[in-house]
Every structure is written in structure tokens, then in C-alpha cells.
Amino acid sequence: MTAKLTHVIGFDDAPFGHAHRGDVAVVGIVYANHRPEGVLLTKVRRDGANATAKLARAVLGSRHCPHLRLIMLQGIALAGFNVVDINELFARTKLPVLVVSRVKPDPQSVRRALLSRIRGGKRKWRLVERAGASDPVAGLWVQRAGISADAA
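Residue numbers for the sequence shown follow this note's numbering, so the first one is 2 and each next one is one higher.
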């Protein structure tokens, strides 16, 4: 990545137990020039369908929103299999979205899990497919919406 990243928010979910049902905390850290500038908190339903709306609401309702340039996610799902529609998140916020993973995702394992165990799995799998394949970028794997492969 050659361009300087500034005014970025990165989201990830908090740990939760295997038997946990209900809402899971999601934390967003706003960075400017490698320095934390703010923290956003929201909650999403474990294996639910509200992650996209909750992230968009958190970003758009933040005092940091006018300065943000990019949304980053560590994985396309939060709180188990609450899949983020990265294209919809981009459409709502007008901010590019990068899904970042240190290891190459295994989409067929995700598909099997979604279709066999998760309520609404077919719809969630379509969101994963719509996000596109993960591309190798600077030693990471990324999916993207609203940003070119070169810019990622």
C-alpha cells in the first residue's frame, strides 16, 4: 500500500461465548495518521441480519463521518454469521469498504456452514458471493466495495 491511509475506521466484534445468543458488541476505531482519534460502539445480533444497517448508522451518526475516507472490516461477518453487505454499506455511507483477512478465506466452508446451520443462510451466502472473491494485496486478502484493486 503506497498511499497514506488517513481517517479510516476499522470495525471488529467483541469476543462472545459459543452458547451466547442475542447482541454482540462491535467496536469501531477511527484512525488519523496512525493515531486513534475516536471510538464507535454498536451491537449486532449473533448470526443475525442487522450488521450492515448498524454499521452504517454508527458511521453516519458519528462526529467523525465528515472526515472518514475508508471503512475496514476484519472479515465479512460479525458476531458469528451476521454478514455485512459491503456494497450496501458503501451505498449508504459513500465510503469505500475493505474486508481484510490475514489468511485466504475458504468460501466453500463458509457456504456449507451458512446453508446447513444458519437461519437465512441462502440470503447471507448471496451477500458473500456479491462481495466478490478475495484478492491478495500486500500480504493480506481483501474484498472491496467502492475502491479499485489498485487503490486497495
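Every residue gets a Cβ at the ideal spot worked out from N, C-alpha and C, and that includes glycine. On a predicted model such as this, the values are computed, not experimentally measured, just so you know.
Note down the Cα distance separating residue i from residue j, rounded to an integer number of angstroms.
i: V9; j: C66; result: 10 Å
i: S117; j: S102; result: 24 Å
i: K95; j: L56; result: 13 Å
Which residues in the same chain have their Cβ closer than 6 Å to the Cβ of residue i, if we skip the five residues on either side of it in sequence?
i: K44; result: D24, A26
i: H68; result: H8
For the alpha helix (DSSP H) that contains residue i, what are its first and last residues?
i: L128; result: 122-132
i: I87; result: 87-94
i: L61; result: 52-61
Classify residue i as buried or exposed, calling it buried when 16 or more other Cβ atoms lie within 10 Å of its own Cβ.
i: R145; result: buried
i: P16; result: exposed
i: P37; result: exposed
i: D107; result: exposed
Please work out which residues of its chain come closer than 7 Å, Cβ to Cβ, to residue i, disregarding the five sequence neighbours upstream and downstream, and give them in chain order.
i: V1; result: In this structure the chain extends from 2 to 153, so residue 1 is not present and cannot be described.
i: P128; result: Correcting the residue type first, residue 128 is Leu in the shown sequence and not Pro. Around L128: V84, D86.
i: K105; result: S135, W142
i: G121; result: A50
i: T3; result: With a pLDDT of only 44 at T3, under 50, the local geometry of the prediction cannot be trusted, and the value read off the model is given with reservation. Taken in chain order, the list of residues that qualify is empty.
Could you tell me the boundaries of the beta strand (DSSP E) in which residue i lies?
i: Q144; result: 141-146
i: A33; result: 24-33
i: L42; result: 36-46
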